[in-house]
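Each position in the sequence shown, counted from 1, maps to that position plus 11 in our numbering.
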Amino acid sequence: MSIPCRPLVPTASAKTILIVDDDVHLAASLALGLEASGYRTLHAANATAGWEMAHAHRPDLILSDIDMPGKDGCRLLQEMRADPELAGQQFVLMTGKAAYGSSRTAMDLGADDFLLKPFSLGELLQCVGARLKRAELSRRMDEGAIERMRESLRSTLPHEFFTPLASILGLSELCRTDLERLTPDEIRQDLSDINEAGRRLHRALRNYLRLLELESQGSARSPPLVEGGEVAEAIESGVQAAAERHRRTGDVAREVEGARLRASPGDLATLVEELVDNALTYSRRNTAVEVRARREGPVLRLVVSDSGRGISPQQLKNIDDTWQRPGEGSRLQGMGLGLMLAYRLVRTMGGELRLESQGGEGTTAEVTLPVA
12 MSIPCRPLVP TASAKTILIV DDDVHLAASL ALGLEASGYR TLHAANATAG WEMAHAHRPD
72 LILSDIDMPG KDGCRLLQEM RADPELAGQQ FVLMTGKAAY GSSRTAMDLG ADDFLLKPFS
132 LGELLQCVGA RLKRAELSRR MDEGAIERMR ESLRSTLPHE FFTPLASILG LSELCRTDLE
192 RLTPDEIRQD LSDINEAGRR LHRALRNYLR LLELESQGSA RSPPLVEGGE VAEAIESGVQ
252 AAAERHRRTG DVAREVEGAR LRASPGDLAT LVEELVDNAL TYSRRNTAVE VRARREGPVL
312 RLVVSDSGRG ISPQQLKNID DTWQRPGEGS RLQGMGLGLM LAYRLVRTMG GELRLESQGG
372 EGTTAEVTLP VA
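So, in structure tokens, the structure goes:
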């Protein structure tokens, strides 16, 4: 590797690269090349030390050898991807030709890139620069998503919270002041309505808190790997929860096929529950809501469709503006916390959510999630 003879002094804003390699001479050569290009470097001689330094210093990128005594680079990567505090670290693996198969295994475990030894300084800098640029782009996209989420929440929260709260306060006050004049059946109905309003308020608060949690995490947390059977169970759980809440279990038809994904089963169930809930809310009783999940090549395609009143072209435009063009002050008209949460969860899983509708002819929500 050719090293410039006059290293630059890293600036205060210089990115930090953690080199994890038991070959001290190679690590020193890599450090010289990176520092000569304006990066800060740290060195760990084994995977255990690398883990500790990653926690202590939070480098911008980790450059790790695969073949090390004891814990190898693949195991270090696997442990970091399972740790919420380190899951979002940019991770590049170095490997010799003999270990090329291990490098593909590492990519399956979530490595961002790998370098095949021997490599030049130019190849190293190109790889590191590309990974850091992508991480910065992801960070900016997350910031934009957070800002438009805040704008949407400002317009949505009063309705989501205060409508069920008003029902609880109004009905309970009616029971308190007119208790003597109410029949047992009327009291029972009022209590049932209060309970239902309380459940709506609880769900709105749950969704709001989950949105705040997702905002605070940004892109730093990588979802776990989930097998196809568990994915199918999570989808079924979400469908059932929404159908039972609306007392319309017979209206929901489903055809579900699982696939291996990077997704929390709980988040996947919530995503499906919110999409099905939206379909049931805006369609008439005894009309069909269809849920289909099927693997299509590199993605799992999840489709929820109804034959309800649909979404107007202007509402679809408002939603598209809010999701796709942050920072323009657009708001979600008639779109609640549930749909916002669904969109954010899909982003967390690395997928896409699209809505299609014709006024009066129903709505289709289509989610595509990358297969792991």
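We put the CB at the ideal spot given by N, CA and C, even for glycine. All figures in this text were calculated on a predicted structure; none of them were measured in a lab.
How many Å lie between residue i and residue j at the Cα?
i, j, result
"Leu350", "Gly44", "48 Å"
"Leu364", "Lys144", "25 Å"
"Gly347", "Phe172", "11 Å"
"Val250", "Arg265", "8 Å"
"Ala353", "Thr359", "10 Å"
"Ala65", "Arg259", "50 Å"
"Ala47", "Ala25", "12 Å"
"Gly81", "Val139", "26 Å"
"Leu29", "Leu225", "27 Å"
"Asp288", "Leu87", "41 Å"
"Leu97", "Pro235", "13 Å"
"Thr188", "Gly181", "11 Å"
"Ile179", "Arg303", "36 Å"
"Asp78", "Trp62", "16 Å"
"Glu4", "His213", "Only positions 12 to 383 of the chain appear in the structure, and residue 4 is not among them; the question remains open."
"Glu244", "Glu377", "19 Å"
"Arg210", "Cys186", "19 Å"
"Ser203", "Gly362", "39 Å"
"Ala60", "His68", "12 Å"
"Gly269", "Val357", "16 Å"
"Gly121", "Asn206", "45 Å"
"Arg256", "Leu127", "54 Å"
"Val283", "Glu184", "36 Å"
"Gln369", "Pro324", "8 Å"
"Thr27", "Ala383", "29 Å"
"Gln137", "Ala58", "24 Å"
"Leu313", "Gly240", "15 Å"
"Asp262", "Thr194", "33 Å"
"Ala55", "Leu216", "44 Å"
Where does residue i land, buried or exposed, given buried means 16+ other C-beta within 10 angstroms?
i, result
"Asp32", "buried"
"Pro70", "buried"
"Ala274", "buried"
"Pro175", "buried"
"Arg355", "buried"
"Ser227", "exposed"
"Val242", "buried"
"Thr389", "Here the chain covers residues 12 to 383 and nothing more, so residue 389 does not appear."
"Leu41", "buried"
"Asn218", "buried"
"Glu285", "buried"
"Asp196", "exposed"
"Glu339", "Only weak support exists for where Glu339 lies, its pLDDT of 36 falling under 50; the coordinates are left without a value."
"Val35", "exposed"
"Leu311", "buried"
"Thr106", "buried"
"Ala177", "exposed"
"Thr374", "buried"
"Gly308", "exposed"
"Gln335", "For Gln335, the predicted model reports a pLDDT of 47, less than 50, meaning its position is unreliable and no value from the coordinates is stated."
"Gly277", "exposed"
"Leu223", "exposed"
"Gln101", "buried"
"Gly84", "buried"
"Leu220", "exposed"
"Leu272", "buried"
"Leu148", "exposed"
"Leu343", "Residue placement at Leu343 is flagged as unreliable, the pLDDT there being 36, under the threshold of 50; the coordinate-derived value follows with that caveat. When all chains shown are included, Leu343 counts as buried."
"Thr281", "buried"
What does residue i pair with, by DSSP beta-bridge criteria?
i, result
"His213", "In DSSP, His213 forms no bridge with anything."
"Gln394", "The requested residue 394 is not part of the displayed model; the chain covers only 12 to 383."
"Glu54", "Per the sequence shown, the amino acid found at residue 54 is His instead of Glu. His54 is bridged to Ile30."
"Leu272", "Val237, Val382"
"Arg358", "None, per the DSSP bridge assignment."
"Ser398", "The question about residue 398 has no answer, for the chain in this structure spans 12 to 383."
"Arg106", "Note on residue identity: the sequence assigns Thr, not Arg, to residue 106. Beta-bridge pairing links Thr106 to Leu127."
"Glu9", "For the chain, the structure presents residues 12 to 383; residue 9 sits outside this window and is missing."
"Glu363", "Thr379"
How do the region 129 to 137 and the region 80 to 100 stand: do at least 3 beta-carbon pairs fall below 8 Å, yes or no?
-> no
Are the region 315 to 330 and the region 278 to 294 touching by the rule of at least three beta carbon pairs closer than 8 Å?
-> yes
Let me know the alpha helix (DSSP H) ranges lying completely inside the region 243 to 330, each 4 residues or longer, listed in chain order.
-> 276 to 292
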